[in-house]
Structure formats: C-alpha cells, structure tokens
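Add 86 to the 1-based position in the sequence shown for the working numbering, that's all there is to it.
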Amino acid sequence: MTTPKYYGWWSKRVNDNIPGPREECVRSIEEHLQVVPLELKIIKQDFKKRTSELGKKIEQLKEEKMSLGLDVDIHKLEAEKLRKWNNKAEEDLGSLKTNYRKLRLSIRTAGLDARAQESALEKNLLECHNEEARLKARVAELEK
Numbered sequence: 087m088t089t090p091k092y093y094g095w096w097s098k099r100v101n102d103n104i105p106g107p108r109e110e111c112v113r114s115i116e117e118h119l120q121v122v123p124l125e126l127k128i129i130k131q132d133f134k135k136r137t138s139e140l141g142k143k144i145e146q147l148k149e150e151k152m153s154l155g156l157d158v159d160i161h162k163l164e165a166e167k168l169r170k171w172n173n174k175a176e177e178d179l180g181s182l183k184t185n186y187r188k189l190r191l192s193i194r195t196a197g198l199d200a201r202a203q204e205s206a207l208e209k210n211l212l213e214c215h216n217e218e219a220r221l222k223a224r225v226a227e228l229e230k
C-alpha cells in the first residue's frame with residue numbers, strides 16, 4: 087500500500103534519479119542538533135513558568151481553604167448559639183403554656199367557687215323570703 091507522499095516523490099524523480107533536497111532548504115546536522123537544545127530550553131522555561139503559576143495557585147487555594155475553614159467555624163458557632171436560644175425559647179414557651187393552663191384552671195375553680203357562693207346566697211335569700219312570707223302570714227293569722 088502506498089501513500090500520497092510516496093506518489094508525490096515517485097512523480098518527481100527523473101530518469102530513475104531520486105530528487106535530493108534543495109540547497110537553500112538544507113541544514114547541517116549541527117544546526118539540526120542545535121535546535122533540539124533550544125526547544126529543550128523553551129520547554130524547560132515553559133515548565134518552570136507553569137510550575138510557578140501552579141505554586142501560586144496552590145498557595146491561593148490554601149489561603150482560601152483557611153478562610154473558608156474560619157467561615158465554617160464562625161457559622162457553626164452562630165448555629166450553635168441559635169440552637170441554644172431556640173431551645174431556651176421553646177422551654178420558656180412550654181413553661182408559659184403550663185402557667186397559662188394553671189391560671190385558667192384556677193380562674194375556673196375560682197369562678198365555680200364564686201358561683202357556688204352566689205348560688206348558696208341566692209338559696210339563702212330565697213329561704214329568707216319564704217321565711218318572711220311565712221312569718222307575715224303567721225302575723226296576719228295572729229292579728230285576726
């Protein structure tokens with residue numbers, strides 16, 4: 087199987103002569119070998135530059151991590167404080183509800199006592215009125 091490059095090379099040959107490189111494009115082996123160190127230097131410089139950039143980025147991320155860690159600690163403390171305040175408020179609410187129930191019960195009891203007293207007084211008053219009517223009837227009977 088042949089490639090297009092091979093067909094191009096094959097078509098350029100003249101009288102079974104293989105075309106050689108043109109002289110203006112020819113570089114010596116020394117020049118070819120000098121290119122490699124230059125490329126290697128460039129790659130090393132790029133590597134150093136990238137390494138320093140990544141080092142700076144790592145330092146920046148460490149600082150952000152520390153800052154976020156402090157923020158998390160602050161939020162945890164605030165959440166704990168709010169939780170304690172909420173528990174205290176719930177306890178206070180519970181005690182207020184208990185006190186309210188006791189007060190309502192005592193008001194009802196006092197109201198029942200007052201009603202009982204009022205009922206007893208009304209009964210007593212009714213008895214007195216009956217006694218008075220009976221006595222008046224007795225006086226009227228005795229006067230006759």
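All C-beta atoms, glycine included, are put in the ideal place defined by N, C-alpha and C.
Source: prediction; values computed, not measured.
Put simply, the backbone Cα of Y186 is about 55 Å away from that of R224.
In the structure shown, K167 adopts helical secondary structure according to DSSP, grouped into three states. K151 sits in a helix when the DSSP states are folded into three classes.
When DSSP states are grouped into helix, strand and coil, K230 belongs to the coil group. DSSP, reduced to helix, strand and coil, places T137 within a helical segment of the structure shown. Between the C-alpha atoms of D199 and E208 there is a straight-line separation of about 14 Å.
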